[in-house]
Structures are given as structure tokens and as C-alpha cells.
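Notes for the one structure printed next.
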Amino acid sequence: MSKFFADLVIRTDEARRAFETHPVVLDAVARGLPLQRYRTLLLELYHVVWHFNPVSAAAASRLSDRHKQVRYFLYEHMQEESGHEEWVRNDLEAVGVPASDTEGHKPSAFTQALVGYNYWAAERSHPCSVLGMLYTLEVIASVYGGPFASAIKESLLLEGERGVSFINSHATMDAEHMADLRRILATVEDRDAQDAIVDAALLNFHHFTHIIEQV
Amino acid sequence: MTTDAPVRNGVPALLARPYKYLRLEWTAELGMLRVRTCVKPIQCYSLAGLAEMQRVLDDIAANPGLVRHLVLSSDVTGVFNFGGDLALFVLLVRAQDIDSLKMYGRRCIDLVWWLEHAALRGVHTTVLVQGDTLGGGLESVLPFHKVIFERSAQAGFPEVLFNLFPGMGAWPLTIRKAGFAVAKDMILSGRLYTADQLLRRSLVDAVVDDGTGEEAILEVVRSVEPRLRGTLAALNAQRIAAPVSYESLLAVVESWAETALTLTTRDLKLMERLARAQVRKAGGAEEGAVEEIKRIELDTAWGELRSGNTGFGEERGTGLTAWGAL
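In order, the protein sequence lines correspond to chains A and B. Under my numbering, the first residue of the first sequence carries the number 22, and numbering increases by one thereafter. Under my numbering, the first residue of the second sequence carries the number 33, and numbering increases by one thereafter.
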């Protein structure tokens, strides 16, 4: 089994640190966000989550049989993630954003760039790049999601899971997903696929940092 | 090699590289290389920071005779070093990635190993701690020949609070400097110590008033310089007399990585609490990880009181910070 996961961690570590140490992210993790900015962040997240499965499906449809194991992994992952945009919609309703506003929201340029890049990378670059998207989103959720949800609950005086169910549940759920992702990444042994995954992770960290920055 | 070597950006050209997390300064007449760490905003041993530090040490080793004094300090006000990159640990533990945890540990002990052999390389090492230094941050100062703390600096090994232990040299280096009992107490208690308490435990060589650390460094370097060869020979003999083997450091790293994999969600949440406190301090808040550790200790102490576990010895929990001890 390859040690590609370790390689991915090292090659993307500065991008992860750049996300973690961005002043807006630092402030959000330390002190939470004002209500309006949290609403905007959830609206942006809604689009990221909504496009997650179609991006994964695009990648799965283009994977060669050599990466059959990745395709099966994506099938299972899509099954698990199916309907999670509803969780974001519920959180938005809990903080005062009706469903009609959520559907009518036009995502920011950075969200469109993130989603657009992930479609392009899956279809035109290398389908394994979808694993870079997964890595970034799961790192953000499992490492930073918990502290961020705590900060939001404290700053907005939210009770229980109300308003933070998506972020909080993914902080826990993606912890298990990280181990699954490491196992599947270890099966990717060709250099082109590995490089595509690293590139996608770097792009996703970069764009996600800007998504949070602009809210 | 002499100190007349060509200089670029104020540093001998042989050592001058474009560093992102380190700032180098050179004093030619003393052969003194100052390394100031600035892993901003969260001052910790990130992978990139470790790589840059290793590069500096490799350059020193590749140019014997050029650097006679290596001095480390922090460029971040109020923080020397928070130790390991907690977010990276959380990531690797959640991914159950023992290979990467071991890799991180090996990178740390490679620095320790270099510093352990600094005298053999003709280099006297001094470290100045001017703020909080926790876990790996404290571990990293122990291999230095001369350890100076400013009076308000606080340090400790809080890892036990989240069911881990410091695995990159804390045990052998603390035992060598302060004895087994002190090492055991510090590592198993998770307590924080003031600079004076660390001085009394022989982990620190000098405590100076706040704001006078820079003068203290020069005093040390100037006092060692005329008798450098003898001092280094003696320090090398000390290493021979009380050796620390790379194999033992590596074995502890392996044990540390295996233990890290067993951390529970509760342990990781405590780690996240500390990480969040570090973030608050980096954002300019008065309180940071040190205050959070005190809160966690208090929580634990209250838990012990409620459960009736107030005994002493190995079974006890972390208890209160030993502010009044010694």
C-alpha cells in the first residue's frame, strides 16, 4: 500500500495552514461570526454541498477501470452525502433564511470558481482529482468544523444543534470519512493521478479560504 | 572556514536562503547566528517550519567553523512556541495515519539529534524563551546548551490532558537535566511551571527580568566565546557521559504515534479547545492556550473531587497548576 496520504498531507500542508491562519478564519474559529455573515456562509456552503454529488458522479463516470476502487468509493460516498444540502437548508431556516431565499441565492464568484473548477478537473483534467476536493472538504470539516461550530453557537447563542447541524455533524462524520479517504488514497499509485489530487486539494483550499474571506 | 565569508542580506552567503518562517541575523565577530522563529500567526512546529529549521542546521553542518554560536528565539510576542501543530495532529489522528505521525515525530527528533551533537560540530547553542512554551515547544529548548527564560515565561507538558505524552525527547532530556522524579512529575501531571520553578528544577539555566533576554544572550555568548573549545569539549564529554541514543528517541516517537491513534473524540475535542485558544491569542486576545490549560486542569480537578479521586501518585489526574509549588 502506498504512502500517498502522507505525501498529500505534506504537499498541501502550507495551503491548509494558509486556510487555518487566514485572519477571517482565525477570527471565525475564535469568536464565531455575526448573524448576517453566518447566513451568507451557509448560503455559499449550500451550493458547495449541492454540487458535491454531481461532481463526484462526473468523476466516477470518467474513471478508468484501473481506478475501479475509487469509483466504488465514490458511489458509497455519494450515497452517504445524498440529501445533506437539506441539512444546510434547515440550518438556514433556523437562523432566519427561508428556503426560497436559499434557492434564489446567487453564489459568490469564489464559490462558482470552486464548483466550476471541480467539474472541470473531474471532466477534463483527471477524474481522480475529485479526491483532492474530498480531502480538502473533509479536512476543513473534521479539523476545523468542531471548533467553528462551537464558536458560532457561543456567538449567536444557538441551542443544541439548531443552526449548526450541518457543520457539527460533518465535524464528527467526516472524522470517520478521513480514515476511509486515507485508505482509498493509498490505492492510487500512478503519479498523474496523485499530482491531480494534490493540485485539486491546493485549489480547493485556496478557493475555500476566499469563500470564507468574502462572507 | 573563517567569519570573513561573503555576506548576503546580512548573513553569510552560505547560510542565506529565503526563509518564510525564520529570520536570520549574523554577528560576524562572534560567529553568532541568531534564528528567530515567526510561524505566524500560530507559533508552532509546523511541517514547513520544521523543514526550514532543518535546512538552517544542515547549512551550518555543511560549513564547519562558520557558526560558533547558534541562538534561537521567537519573533512572536508572548509566545515562544505552542509545540506541535495541533490541527495537523487532529487531521492525522482522524485519518488514522500512523505513517505521517511517525514522519512528523522523526522530523522533530532529527532536530533534537542535531542539537544533541552541536558541540561535536563546534557550535555552542543558546535559546531565549520570552513567552509561553508548551509541549513540543518546551521539548525543543531542552537540547540547547544554555536555556534562558524571561521571568514571565511559562512552560509545561500539557499533553497528558488529552491522553498523550510529549514524544520528541522530553523524557530523556528532562531526566538528564532534572532527574527522573522531576521528569515523571512534569510529564504525568501536565502542569504548567513558571520560569523560576523551572530554574529550581534545573531545566532552565538562567531566568532574567522581562525585556533583558537579549542582553542575557550576549552575556552568555561573550562569556563562552573565549573558552569555546574547552566548553564544547566538556559539553561533548557530558553527552558521552549521559548519552541519548537516536534509537531510543525513535522508539519513543513510535510509541507516541501509536498512542496518538488511540485518542478518543473527547481527547481530540480537548486538543481542539487548546488549538482554539491558541487561535484566540494569535488574534490578539489576552488569554490563550496557557489559560485554557488552567481551565482544563480546573475542570479535571472538579471531576476528581466529585468522583472522590483525590489521591496522589501515578493514578491521580492532572490537578491544579503548581503555581505555589517549590
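C-beta: ideal position from N, C-alpha, C; glycine also. Computed from a prediction, not measured in an experiment: that's the story for all the values here.
How is residue i classed by DSSP in three states: helix, strand or coil?
| i | result |
| --- | --- |
| B:Leu337 | Reliability fails at B:Leu337, whose pLDDT of 48 lies under 50, so the model's placement of it is uncertain and the value that follows must be treated cautiously. Reduced to three states, the DSSP call for B:Leu337 is helix. |
| B:Thr59 | strand |
| B:His156 | strand |
| A:Leu179 | coil |
| B:Leu47 | coil |
| B:Asp299 | helix |
| A:Gly166 | helix |
| A:Ser103 | coil |
| A:His98 | helix |
| A:Arg37 | helix |
| A:Leu29 | helix |
| B:Arg233 | coil |
| B:Pro198 | coil |
| A:Pro44 | helix |
| B:Gly97 | coil |
| A:Val209 | coil |
| B:Pro175 | coil |
| B:Val322 | helix |
| B:Gly137 | helix |
| A:Lys24 | coil |
| A:His126 | coil |
| B:Lys209 | helix |
Where do the N-terminal and C-terminal ends of the beta strand (DSSP E) with residue i fall, by residue?
| i | result |
| --- | --- |
| B:Asn113 | Val111 to Asn113 |
| A:Phe226 | Run containing A:Phe226: none in the beta strand (DSSP E); it sits in the alpha helix (DSSP H), Arg212 to Gln235. |
| B:His101 | His101 to Ser106 |
| B:Val67 | Met64 to Thr69 |
| B:Trp186 | Just to set this straight, residue 186 of chain B is Gln in the shown sequence, not Trp. Looking at the DSSP string, the run of the beta strand (DSSP E) that includes B:Gln186 is Gln186 to Gly188. |
| B:Thr244 | Neither: B:Thr244 is in no beta strand (DSSP E) and is coded neither H nor E. |
Span of the alpha helix (DSSP H) holding residue i?
| i | result |
| --- | --- |
| A:Arg83 | Leu56 to Arg83 |
| B:Lys216 | Phe212 to Ser221 |
| B:Ala151 | Per DSSP, B:Ala151 belongs to no alpha helix (DSSP H) and is neither H nor E. |
| B:Thr263 | Leu260 to Ala273 |
| B:Tyr53 | B:Tyr53 -> no alpha helix (DSSP H), and no H or E assigned at all. |
| B:Gln128 | From DSSP, B:Gln128 is part of no alpha helix (DSSP H); its letter is neither H nor E. |
| A:Phe131 | Ala130 to Trp141 |
| A:Val118 | Counting along the chain, A:Val118 falls outside any alpha helix (DSSP H), and DSSP gives it neither H nor E. |
| A:Glu144 | That residue, A:Glu144, is in no alpha helix (DSSP H); it is neither H nor E in DSSP. |
| B:Ala292 | Tyr278 to Ala292 |
| B:Glu257 | Segment: none, B:Glu257 is in no alpha helix (DSSP H) and carries neither H nor E. |
| A:Thr157 | Val151 to Val160 |
Residue i touches chain B at which residues, Cβ-Cβ below 8 Å?
| i | result |
| --- | --- |
| A:Ser163 | Val122, Leu123 and Arg126 |
| A:Arg42 | Position check: residue 42 of chain A holds Thr in this sequence, whereas Arg was assumed. Here the neighbours are Lys72, Pro73, Ile74 and Ala314. |
| A:Asp34 | Ser78, Leu79, Ala80 and Leu120 |
| A:Val209 | Those within 8 Å of A:Val209 in chain B number zero; the least Cβ separation is about 15 Å. |
Assuming residue i and residue j are in contact, meaning their beta carbons sit under 8 Å apart, how far apart are those beta carbons, in whole angstroms?
| i | j | result |
| --- | --- | --- |
| B:Leu170 | B:Phe189 | 6 Å |
| B:Val159 | B:Ile180 | 7 Å |
| A:His147 | A:Asp213 | 6 Å |
| B:Ala321 | B:Leu166 | 6 Å |
| A:Leu135 | A:Asn74 | The Cβ separation is near 15 Å, so there is no contact. |
| A:Ala172 | A:Ala36 | A:Ala172 to A:Ala36, Cβ: 22 Å. No contact. |
For residue i, which beta-bridge partners are listed by DSSP?
| i | result |
| --- | --- |
| B:Arg116 | Note that residue 116 of chain B corresponds to Gly in the displayed sequence, not to Arg. B:Tyr77, per the DSSP bridge assignment. |
| B:Phe181 | B:Val161 and B:Val239 |
| B:Tyr225 | B:Ala187 |
| B:Arg40 | B:Val43 |
| B:Leu166 | B:Gly188 |
Note down, in chain order, every chain B residue with its Cβ under 9 Å from the Cβ of residue i.
| i | result |
| --- | --- |
| A:Arg38 | Val71, Ile74, Ser78, Leu79, Ala80, Asp117, Ala119 and Leu120 |
| A:Val91 | Neighbours of A:Val91 on chain B: none; closest Cβ ~17 Å, over 9 Å. |
| A:Ala222 | The premise fails here: A:Ala222 is roughly 12 Å from chain B at the closest Cβ pair, so nothing lies under 9 Å. |
Quick check: is any heavy atom of the ligand HEM less than 7 Å from the C-beta of residue i?
| i | result |
| --- | --- |
| B:Arg208 | Absence of the ligand HEM from the depicted structure is noted, as is the absence of any ligand whatsoever, leaving it without description. |
Could you work out which residues of chain A lie near residue i, taking near to mean beta carbons separated by less than 7 Å?
| i | result |
| --- | --- |
| B:Asp129 | Phe26, Ala27 and Arg203 |
| B:Met135 | Ala27 |
| B:Val311 | Leu47, Val50 and Ala51 |
| B:Lys301 | Gly167 |
Check the Cβ of residue i against every Cβ in chain B and list those closer than 7 Å, keeping chain order.
| i | result |
| --- | --- |
| A:Pro168 | Glu304, Ala307 and Arg308 |
| A:Ile31 | Leu79 |
| A:Val151 | Correct list: empty, because the minimum Cβ distance to chain B is about 18 Å. |
| A:Val160 | Leu123 |
What residues of chain A sit near residue i, judged by a beta carbon separation below 8 Å?
| i | result |
| --- | --- |
| B:Ser255 | The premise fails here: B:Ser255 is roughly 39 Å from chain A at the closest Cβ pair, so nothing lies under 8 Å. |
Run down chain A in chain order and give the residues with a C-beta less than 9 Å from the C-beta of residue i.
| i | result |
| --- | --- |
| B:Ser106 | Those within 9 Å of B:Ser106 in chain A number zero; the least Cβ separation is about 16 Å. |
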